[in-house]
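Undergrad: Can you keep this structure in mind? I'll have questions shortly.
Dropping the structure here:
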């Protein structure tokens, strides 16, 4: 039987024409054989009311065809963006070790991330097609340009560090003075694009029909920049002597705070059915572990961040927390697309809510 | 189970692309491979697409798929099967119904409409088709089949109306269609605002971290 609310306003059925008997019943076959209804001539004794229907449990939307390469990129892009910001701060305040590690971390993370991104393409040899157009409606297009602009600055800044570390052994010739001249501006340019690199992936995920990602669209940017901040700060705490790592420690604590708050708000505001995907299964385990590691890393930073061992352990915990956040949210989204429930139930609810509020002209289903 | 019993019924639907007025796949495509044709349909240029897969997630109807082999949802990749395999065109790029763009260019009707023996799939000018569909629904209602309804004929819906309009005899989800699809890009300005706020917050946190000094 249909579960339509129009059922109640149907005219009585003409006698002798058993239309509903012949045509009723959802195609799922969940009703099974009912006593008395098998020959179609008599009314079935019991019709279980279907609360949720779908086409044989088949998904309505398709999950993004992305592997864990993309989840790893979400993490690495955040680390890169945050590291460039830290490096620029160190550059402006004259903290050489923090600057060097930030710049190297930014280039390393963004390079590895770009490799993962290209590897995930269906046609990796066409990755340059990403730069055919600049398209404001496509977060992937804008992100490709952000990634390109970021990488340009990060490469120059990191090259200058490598040249210094090797005692001027890079075969640069007369370009060395050019490199010395542009490394500062390049570091600042990378830092300007750093937060954008960290945040655009949130919009990339949210601007899809994947239920979990789309429903988290208001908070996901805040979760992602917090996660990027704490991860980059964690990397700096692992790599940098504690004497120069004070800004990284403060950024770590701010990042953990932001991460915990934004995640809580996200869980509470989301549709309760869709939010299940963040609590259940492997994604739920990863996100809970991520939260625990972020708290542990934050407390370690606050209490023992000036001790080298504690700082390094806290930094590792923070890096792991960020990676788990990204993988957890990634997996939750993929799972939400594979189960029709997460697409259908919230949509039916929001349609009903609009109708209850008196908006009746915007349904895709019309009576004729 | 025998047909035409309470436990059994046929619900027929074409699984054609909806060719939305506000197409989620088209909006999020970063390469420009997806485009709007002169017929108002949405088509992938297979030689431009780099298989990033964003359109697959962008589609509110689950139409677009990234193909890695000759079928829509393969179990194996190229070279993983034994024996000689036929050459498969356009591996690894997004695949979707084009409403037979090549046939439309030759003044032919799409193959699905052409081959449908009962002319249940019809092709024509959008306004004519919607008018025809409304007549058909009215006729069905007059026969007492009040469960008949149209899907996609409302240009005020979340995707601005669809190019393919469906006559359904049950709730959309029973056909595997979303009950209230909404193109994700409709919320993109707000998402950009939130992302801008978040990025500014990250920059501010960094400034605060350095203002605190070296201790």
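Protein chains in written order, with the working numbering: chain B, 26 to 393; chain Z, 361 to 575.
We put the CB at the ideal spot given by N, CA and C, even for glycine.
None of these values were measured; they are calculated from a predicted model.
1) Can you name the start and end residues of the alpha helix (DSSP H) that residue 275 of chain B belongs to?
2) Mapping DSSP to helix, strand and coil, what is residue 228 of chain B?
3) Can you check whether the CB of residue 246 of chain B is closer than 8 Å to the CB of residue 554 of chain Z?
4) If we count Cβ pairs, one from each stretch, closer than 8 Å, do we get three or more for the segment 533-550 of chain Z versus the segment 487-503 of chain Z?
5) What residues of chain Z sit near residue 239 of chain B, judged by a beta carbon separation below 7 Å?
6) Assuming residue 380 of chain Z and residue 520 of chain Z are in contact, meaning their beta carbons sit under 8 Å apart, how far apart are those beta carbons, in whole angstroms?
7) Locate the beta strand (DSSP E) running through residue 379 of chain B, then write down its first and last residues.
8) Give the residues of chain Z in contact with residue 260 of chain B, contact being defined as C-beta atoms less than 8 Å apart.
9) Can you tell me where the alpha helix (DSSP H) holding residue 331 of chain B begins and where it ends?
10) Can you name, in chain order, every residue of its own chain whose Cβ lies under 6 Å from the Cβ of residue 221 of chain B, other than the five neighbours on each side?
11) Starting from the C-beta of residue 145 of chain B, find all residues in its chain whose C-beta is less than 7 Å away, skip the five residues before and the five after it, and write them out in chain order.
12) Below 8 Å on C-beta distance, what does residue 518 of chain Z contact in chain B?
13) In three-state terms, what does DSSP make of residue 391 of chain B?
14) Within a Cβ cutoff of 7 Å, which residues of the same chain sit near residue 99 of chain B, ignoring the five residues on either side of it in sequence?
15) If contacts are defined as beta-carbon pairs under 8 Å, then residue 212 of chain B and residue 345 of chain B qualify, I think. What distance do you get, rounded to the angstrom?
16) Just to confirm my understanding: we take residue 118 of chain B, look at its own chain, exclude 5 residues before and 5 after, and list those with CB closer than 8 Å. What are they?
17) For residue 374 of chain Z, count neighbouring C-beta atoms within 10 Å of its own C-beta (all shown protein chains included) and say buried if the count is 16 or more, exposed if not.
18) Report the rounded CA-to-CA distance for residue 473 of chain Z versus residue 86 of chain B, giving the unit in angstroms.
19) In whole angstroms, give me the CA-to-CA distance for residue 282 of chain B and residue 251 of chain B.
20) Mind listing the chain Z neighbours of residue 246 of chain B? Cutoff is C-beta to C-beta under 7 Å, in chain order.
21) When Cβ atoms are compared, which residues of the segment 397-413 of chain Z fall closer than 8 Å to chain B?
22) If you check the beta carbons only, do residue 111 of chain B and residue 127 of chain B fall under 8 Å apart?
23) Residue 419 of chain Z: which of B:382, B:235, B:311, B:214 sits nearest, CA to CA?
24) So with Cβ pairs under 8 Å, would you call residue 330 of chain B a contact of chain Z?
25) On a Cα-Cα basis, can you pick out the residue from Z:397, Z:405, Z:515, Z:369 that is closest to residue 391 of chain Z?
26) Looking at the unbroken beta strand (DSSP E) that takes in residue 404 of chain Z, where does it start and where does it end?
27) Helix, strand or coil: which one does DSSP assign to residue 98 of chain B?
28) Can you find a CB in chain Z that lies within less than 8 Å of the CB of residue 124 of chain B?
TA: In short, the structure shows the following:
1) Taking the first chain and counting its residues from 1, one reaches residue 275 of chain B at position 250. Note, residue 275 of chain B: alpha helix (DSSP H), 271-294.
2) As a working note, residue 228 of chain B is residue 203 in the first chain. The three-state reading of DSSP puts residue 228 of chain B in helix, counting H, G and I together.
3) As a position in the second chain, residue 554 of chain Z is number 194, starting the count at 1. As a position in the first chain, residue 246 of chain B is number 221, starting the count at 1. In terms of Cβ geometry, residue 554 of chain Z and residue 246 of chain B form a close pair [threshold 8 Å].
4) Pairwise C-beta distances place the segment 533-550 of chain Z out of contact with the segment 487-503 of chain Z, as fewer than three of them are shorter than 8 Å.
5) Here the question's residue 239 of chain B lines up with position 214 in the first chain. The contacting residues are 544.
6) Residue 380 of chain Z sits at position 20 when you count from the first residue of the second chain. Residue 520 of chain Z sits at position 160 when you count from the first residue of the second chain. Right, their Cβ atoms sit about 6 Å apart.
7) As a position in the first chain, residue 379 of chain B is number 354, starting the count at 1. Per DSSP, residue 379 of chain B is not a residue of any beta strand (DSSP E); the alpha helix (DSSP H) it occupies stretches across 365-381.
8) Position 235 of the first chain holds residue 260 of chain B. Those do not exist, as residue 260 of chain B stays about 14 Å from chain Z at its closest Cβ, beyond 8 Å.
9) Taking the first residue of the first chain as position 1, residue 331 of chain B is located at position 306. Unbroken run through residue 331 of chain B: none, as it is neither H nor E.
10) The residue you call residue 221 of chain B lines up with position 196 of the first chain. Short of 6 Å from the beta carbon of residue 221 of chain B, and not among the five residues preceding or following it, lie these beta carbons of its own chain, in chain order: 171.
11) The count along the first chain starts at 1 and reaches residue 145 of chain B at position 120. Closer than 7 Å at Cβ, skipping near neighbours: 91, 92, 94, 95.
12) As a first step, residue 518 of chain Z is located in the second chain; it is residue number 158 there, counting from the start. Simply 387, 389.
13) The residue given as residue 391 of chain B occupies position 366 in the first chain. It is a strand residue.
14) The residue you call residue 99 of chain B lines up with position 74 of the first chain. Result list for residue 99 of chain B: 226, 351, 355, in chain order.
15) As a first step, residue 212 of chain B must be located in the first chain, where it is residue number 187. As a first step, residue 345 of chain B must be located in the first chain, where it is residue number 320. Actually they are not in contact, since the Cβ atoms of residue 212 of chain B and residue 345 of chain B sit about 27 Å apart, beyond 8 Å.
16) Here residue 118 of chain B is taken as the residue at index 93 of the first chain, counted from 1. For residue 118 of chain B, the CB contacts under 8 Å within the same chain, skipping 5 residues up- and downstream, are 272 in chain order.
17) Your numbering for residue 374 of chain Z matches position 14 in the second chain. Exposed, since its Cβ has fewer than 16 Cβ neighbours within 10 Å.
18) Translated into the one-based positions of the second chain, residue 473 of chain Z becomes position 113. Translated into the one-based positions of the first chain, residue 86 of chain B becomes position 61. Approximately 25 Å between the Cα atoms of the pair.
19) Reading the first chain from its first residue, position 257 is the one you call residue 282 of chain B. Reading the first chain from its first residue, position 226 is the one you call residue 251 of chain B. Just so you know, the alpha carbons of residue 282 of chain B and residue 251 of chain B end up roughly 8 Å apart.
20) Within the first chain, the letter at position 221 stands for residue 246 of chain B. Near residue 246 of chain B (Cβ distances below 7 Å), the residues of chain Z are 554, 555, 558.
21) Along the segment 397-413 of chain Z, going in chain order, the ones with a CB nearer than 8 Å to a CB of chain B are 408, 409, 410, 411, 412, 413.
22) Looking up residue 111 of chain B in the first chain gives position 86. Looking up residue 127 of chain B in the first chain gives position 102. Annotated as proximal: residue 111 of chain B and residue 127 of chain B, with beta-carbon spacing under 8 Å.
23) Walking along the second chain from the start, residue 419 of chain Z turns up at place 59. Nearest of B:382, B:235, B:311, B:214 to residue 419 of chain Z, Cα basis: B:235.
24) Here the question's residue 330 of chain B lines up with position 305 in the first chain. The beta carbon of residue 330 of chain B sits no closer than 8 Å to any beta carbon of chain Z.
25) Translated into positions along the second chain, residue 391 of chain Z becomes position 31. Ranking Z:397, Z:405, Z:515, Z:369 by CA distance to the CA of residue 391 of chain Z puts Z:405 first.
26) Within the second chain, residue 404 of chain Z is the residue found at index 44, counting from 1. Start and end: 402-404.
27) Indexing the first chain from 1 puts residue 98 of chain B at position 73. Helix.
28) On the first chain, position 99 is the one that residue 124 of chain B refers to. Not one beta carbon of chain Z lies nearer than 8 Å to the beta carbon of residue 124 of chain B.
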